[in-house]
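Read in order, the letters of the sequence shown are residues 422 to 677 in this note's numbering.
Here a beta-carbon is modelled for each residue, glycine too, at the ideal position from N, C-alpha and C.
Keep in mind it's a predicted model, so treat the numbers as computed, not measured.
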Amino acid sequence: MPVSRTRSLCAVLGLLVTLSACGPAALPPASAINDPDEAQNRAAHEFNRGLDRALVRPTASALGSAIPEPVLVGVGRMSSNLNQPGYVVNNVLQFRFGQAIHNTARFVINTTIGIGGIFDPASAMGLEERDTDFGETLHLWGAPEGPYMELPVLGPSTSRDTVGRVVDFALNPLRGLDTRPRNVTRGIDVAAGFGNRHRFGGTIDSVLYESEDSYAQARSIYLQNRRFELRGDADPGFIDPYEDPYGELFFDPYAE
422 MPVSRTRSLC AVLGLLVTLS ACGPAALPPA SAINDPDEAQ NRAAHEFNRG LDRALVRPTA
482 SALGSAIPEP VLVGVGRMSS NLNQPGYVVN NVLQFRFGQA IHNTARFVIN TTIGIGGIFD
542 PASAMGLEER DTDFGETLHL WGAPEGPYME LPVLGPSTSR DTVGRVVDFA LNPLRGLDTR
602 PRNVTRGIDV AAGFGNRHRF GGTIDSVLYE SEDSYAQARS IYLQNRRFEL RGDADPGFID
662 PYEDPYGELF FDPYAE
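Structure, rendered in structure tokens:
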């Protein structure tokens, strides 16, 4: 698969898993949604639904039925582990040096003892996953959320988080690997995304295909959960009332 297509597929799979993690959230009022380009965003949403219907959903179903569950779990953990270096870079930019040490230790333990992240001994040692991204970094630096956007292939976002996605791709030190190892990491991300689409297909389908207005539903869920996430980071005692009952799927689809 060409590199550009691999990146795009990783992104859309990540979007779909984000929707699966959201669960039933109280939707923000229309006045709290800044969506000046709704017509273009709806067109992008229909494109993304078509991509899921034609490619992602059937492929995920076929692979999920053919691959044993333990293999899907292991691949998902490997994909999550590959994100850790990027978390560390953002922790430093946020001046959260304790979090940077935490995520570095988690990455080292799971990469070595956990055999490349297939297993998650770090969580058993009290080093649970604490993810972050450059969108959060911009939030902590005072950047406003900006207008809502739905990007073709990339899915729901805001102007701030769109910048964050681009920077996150560049910040992760693993992106500097030689071509062959880099393609392996992308392959792991794609495989994990298909596994997630299969595992949480019912929730995803309910948003994309069973909602009266799937665009408005996806937009509201994305904004509600993103805002809760960022406010929660400002308060160590914050408990997200919309946390998925199956675990921290938004961050680590395979946490146990």
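- With a cutoff of 8 Å on beta-carbon distance, Phe621 and Thr480 are scored as not near each other.
- Looking at the DSSP output, Gly576 sits in a beta bridge with Leu572.
- In the pairwise beta carbon analysis, the segment 488-502 is classified as not touching the segment 513-520: fewer than three pairs are separated by under 8 Å.
- Per DSSP, reduced to three states, the secondary structure at Met499 is helical.
- Pairing His523 with Tyr636 gives a Cβ-Cβ distance that is not under 8 Å.
- Fully contained in the segment 475-541 are the following alpha helix (DSSP H) runs of length 4 or more, in chain order: 478-487, 490-503, 505-514 and 518-533.
- Classified as buried, Tyr643 has 16 or more neighbouring CB atoms from the shown chains inside 10 Å of its CB.
- Taking a cut-off of 8 Å on C-beta distances, the segment 578-592 touches the segment 552-560, as three or more cross pairs fall below it.
- Just so you know, the alpha carbons of Asp458 and Asp634 end up roughly 17 Å apart.
- Residue burial annotation: Val492 is exposed, with fewer than 16 other C-beta atoms found within 10 angstroms of its C-beta.
- The straight-line gap separating the alpha-carbon atoms of Leu651 and Ile536 is approximately 32 Å.
- The shortest C-alpha to C-alpha distance from Arg618 to any of Ser486, Asn455 and Phe468 is the one to Ser486.
- Residue environment analysis places Thr533 among the exposed positions, since fewer than 16 neighbouring C-beta atoms fall within 10 angstroms of its C-beta.
- Across the structure, Pro573 and Asn511 are spaced so that their CA atoms are roughly 26 Å apart.
- Following the DSSP letters along the chain, one finds Gly563 in no alpha helix (DSSP H), marked with neither H nor E.
- Around the C-beta of Val605, fewer than 16 other C-beta atoms lie within 10 Å, and the residue is accordingly described as exposed.
- In the DSSP assignment, Ile642 falls within the alpha helix (DSSP H) that extends over Ser635 to Asp654.
- Contact between Glu571 and Thr579 does not hold, since the beta-carbon distance rounds to 10 Å and is not under 8 Å.
- With a cutoff of 8 Å on beta-carbon distance, Gly507 and Asp589 are scored as near each other.
- Rounded to the nearest whole angstrom, the C-alpha separation of Leu484 and Leu629 is 21 Å.
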